[in-house]
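Sequence lines, in order, name chains X and Z. Sequential numbering of the first sequence, starting at 145, is according to my numbering. Sequential numbering of the second sequence, starting at 145, is according to my numbering.
Protein chains: 2
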Amino acid sequence: MFTLAEENYLKNIYHLEHEFQGEVSTNAIAERMETKPSSVTDMVQKLAEKEMLSYKKYKGTLLTPSGRKKAANVIRKHRLWEVFLVEKLKFQWDEVHDIAEQLEHIQSDKLITRLDKFLDSPDFDPHGDPIPDKHGNVKSTEKRLLSEMEKNGRGVCVGVKETTKEFLQYLDKRKISIGTKLKVLGKEFFDGSMVIQVGNDQFFISKKIAENLYIQTN
Amino acid sequence: MFTLAEENYLKNIYHLEHEFQGEVSTNAIAERMETKPSSVTDMVQKLAEKEMLSYKKYKGTLLTPSGRKKAANVIRKHRLWEVFLVEKLKFQWDEVHDIAEQLEHIQSDKLITRLDKFLDSPDFDPHGDPIPDKHGNVKSTEKRLLSEMEKNGRGVCVGVKETTKEFLQYLDKRKISIGTKLKVLGKEFFDGSMVIQVGNDQFFISKKIAENLYIQTN
DNA sequence: ACTTTTTTTTAGACTTGACTAAAAATTAAA
DNA sequence: TTTAATTTTTAGTCAAGTCTAAAAAAAAGT
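And the structure:
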């Protein structure tokens, strides 16, 4: 069993490992978690005892396979709850983080299994981040901005970068949401604007819009 | 803001107040919460400081109006989550308590408002206990066992006493769940069995069944 | 009314997870 | 390579919430 604090450390170290592609320093953890390096040292030593991470004094830490699995599971729960909040409770994409931050610590495997099914086993959360599977594996398909796509490119909307009310309302109007498939029909070099196809509708999209939509291409 | 421990104390004291219809003793709290009386004294003094309850040494405690409201809100959340787990995630009625025990501490008024709406503002949880409204008020209509009802009595199923798999499956088969309206068509004095009407179906029910179904009559 | 028993409180200690201040190791600069 | 700056760890403290053991108050028994 893990305490809330331990779970939060594992989760944040997991994210930092990805960011740095390697060992994570004590200071980096402290900065991310808004705590002091001395507190981090304490906790990291405790988690090393529990074999959740490997730690050598002054050399930073790396998650062990079981630590990584545990961390991925917390993130899985976080992202599934985010989907629930947006899809079922109609929260906006930028309102859900703090609540999911609490919900991710609820302990019950059965709950998560059922929540996942209830939500139709989504692959991405409302921010377009992939949801790890129950074994902690992440579909590592890269998401990219719509603005980076070329003519005739196809993909699925997996998230947004900007989360202002106005932008989200625009997307609603255009019937663009998570899972929406789209195709780039044309792209204007001069201003970066595009013409895209969504379902049976074709319409113009400005560069600003295209720079704030994450697309997953297979 | 309240800690998890504080919320649990308030909730349990609330229940004990109802049980005892008055002051709650230190020992009673300790026993219910499976902790030691000395720990209870500490916490009760802390909550008295916060004016959540009135406490006189050796005389037991009573919740203040704000303490009672706070407690009712925790219970509201607990019971709403229970409805969610049963109605939406298809948990059985006896599986949900421990999970709701965790979920009741999630902090977000907006979440509860939306969850309530998502569930169609239920008045009762799957055990037939009333869900306090957002002001902490409880509809104090008594629930009673079906076996206590007389011929021609009408009511709504609000919960179960027994929660074995077999019993719940029986109810499923008979299409009886929370909110199901029913009427007593006949009652046999000899063995306490009944004939009831559920929707368009009429069927026989044994005393054993009738003694495990809670009905709310208006 | 005066013991005895039960209940409740106090005092002191422990654990978790944080902190500050100071020491030690590492890295960067001269 | 020796000093200076940075990073990290250690040592000691603190608050929350629990515990045990002992003291104090209340209730019960004779």
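C-beta: ideal position from N, C-alpha, C; glycine also.
Does the Cβ of Ser350(X) have 16 or more other Cβ atoms within 10 Å, making it buried, or fewer, making it exposed?
Here residue 350(X) corresponds to residue number 206 of the first sequence, with the count starting at 1. So Ser350(X) counts as exposed.
Just checking: is the beta-carbon of Lys232(X) within a distance shorter than 8 Å of some beta-carbon in chain Z?
Start at 1 with the first residue of the first sequence, and residue 232(X) comes out as number 88. Yes, its Cβ sits closer than 8 Å to a Cβ of chain Z.
Which residue comes first and which comes last in the alpha helix (DSSP H) that contains Phe164(Z)?
In the second sequence, the residue the question calls residue 164(Z) occupies position 20. Per DSSP, the unbroken alpha helix (DSSP H) holding Phe164(Z) starts and ends at Leu148 to Phe164.
Rounded to a whole number of angstroms, what is the C-alpha to C-alpha distance between Trp220(Z) and Glu161(X)?
The residue labelled residue 220(Z) in the question sits at position 76 within the second sequence. The residue labelled residue 161(X) in the question sits at position 17 within the first sequence. Checking the sequence, you will find Arg at residue 220(Z) rather than Trp. If you take the alpha carbons of Arg220(Z) and Glu161(X), they lie about 40 Å apart.
What residues from chain X crowd round Phe262(Z), counting only those whose CB sits closer than 7 Å?
Your numbering for residue 262(Z) matches position 118 in the second sequence. Those are Lys232 and Leu233, listed as they occur along chain X.
For Gly297(X), is the beta carbon positioned less than 7 Å from some heavy atom of the ligand GDP?
Absence of the ligand GDP is noted for the structure shown, with no ligands found whatsoever.
Enumerate in chain order the residues of its own chain whose CB-to-CB distance from Arg318(X) is below 6 Å, with the five nearest sequence positions on each side excluded.
Reading the first sequence from its first residue, position 174 is the one you call residue 318(X). Answer for Arg318(X): no residue qualifies.
Extent of the continuous alpha helix (DSSP H) run through Ala258(Z)
Numbered from its first residue, the second sequence carries residue 258(Z) at position 114. According to the sequence shown, residue 258(Z) is Arg rather than Ala. Arg258(Z) -> alpha helix (DSSP H) spans Asp253 to Phe262.
Residues within the region 238-257 of chain Z neighbouring chain X, beta-carbon criterion of under 7 Å
Ile243, Gln246, Leu247, Ile250, Gln251, Ser252 and Leu255
Would you kindly work out how many angstroms separate the C-alpha atoms of Lys278(X) and Glu332(Z), rounded to a whole number?
What you label residue 278(X) is simply residue 134 of the first sequence in a count that begins at 1. What you label residue 332(Z) is simply residue 188 of the second sequence in a count that begins at 1. If you take the alpha carbons of Lys278(X) and Glu332(Z), they lie about 53 Å apart.
Tell me whether Ala149(Z) is buried or exposed, calling it buried when 16 or more other Cβ atoms sit within 10 Å of its Cβ.
Your numbering for residue 149(Z) matches position 5 in the second sequence. So Ala149(Z) counts as exposed.
Checking the sheet assignment: what are the DSSP bridge partners for Asp345(X)?
By 1-based counting over the first sequence, the position of residue 345(X) is 201. Paired residue(s): Val342(X).
Sort out for me which residues DSSP pairs Phe268(X) with in a bridge.
Taking the first sequence and counting its residues from 1, the one referred to as residue 268(X) is at position 124. For Phe268(X), which the question treats as bridged, DSSP gives the partners Pro274(X).
Quick one: what does DSSP say Thr359(Z) is sitting in, helix, strand or coil?
Taking the first residue of the second sequence as 1, we reach residue 359(Z) at position 215. The identity of residue 359(Z) in the sequence shown is Ile, whereas the question assumes Thr. Strand, per DSSP.
So the beta strand (DSSP E) Tyr202(Z) belongs to, where does it begin and stop?
Stepping through the second sequence from its first residue, residue 202(Z) is reached at position 58. Here Tyr202(Z) belongs to no beta strand (DSSP E), and DSSP marks it neither H nor E.
Let's see if you can read the secondary structure: which residues bound the beta strand (DSSP E) around Val188(Z)?
Taking the first residue of the second sequence as position 1, residue 188(Z) is located at position 44. Premise fails: Val188(Z) lies in the alpha helix (DSSP H), Pro181 to Glu193, not in any beta strand (DSSP E).
Confirm, please, whether the CB-CB distance from Val227(X) to Trp237(X) is below 8 Å.
Here residue 237(X) refers to the residue found at position 93 of the first sequence. Here residue 227(X) refers to the residue found at position 83 of the first sequence. In this structure, the beta-carbon distance from Trp237(X) to Val227(X) does not fall below 8 Å.
At the level of alpha carbons, what is the spacing between Lys305(X) and Phe235(X)?
Walking along the first sequence from the start, residue 305(X) turns up at place 161. Walking along the first sequence from the start, residue 235(X) turns up at place 91. In this structure, the CA atom of Lys305(X) is about 16 Å from the CA atom of Phe235(X).
At 8 Å on the CB atoms, spell out the chain Z contacts of Leu259(X), in chain order.
Taking the first sequence and counting its residues from 1, the one referred to as residue 259(X) is at position 115. Within chain Z, the residues near Leu259(X) are Leu233.
Same chain only: Cβ atoms within 6 Å of Ala244(Z), ignoring 5 sequence neighbours per side
As a working note, residue 244(Z) is residue 100 in the second sequence. If we look at Ala244(Z) and ignore the five residues flanking it on each side, its Cβ neighbours are His222, Trp225 and Glu226.
Minimum C-alpha distance to Leu329(Z) - residue among Thr308(Z), Gly297(Z) and Asp316(Z):
Along the second sequence, one-based indexing puts residue 329(Z) at 185. Minimum Cα distance to Leu329(Z) is reached at Gly297(Z).
CB-CB under 6 Å to Val218(Z), same chain, minus the five flanking residues each way: which ones, in chain order?
Against the second sequence, residue 218(Z) aligns to sequence position 74. The residues are Glu151, Lys155 and Glu248.
Please report the straight-line C-alpha distance between Asn322(X) and Cys301(X), rounded to a whole angstrom.
For the purposes of this step, residue 322(X) is identified with residue 178 of the first sequence, where counting begins at 1. For the purposes of this step, residue 301(X) is identified with residue 157 of the first sequence, where counting begins at 1. It should be pointed out that residue 322(X) corresponds to Ile in this sequence rather than to Asn. Taking the straight line from one Cα to the other gives about 5 Å.
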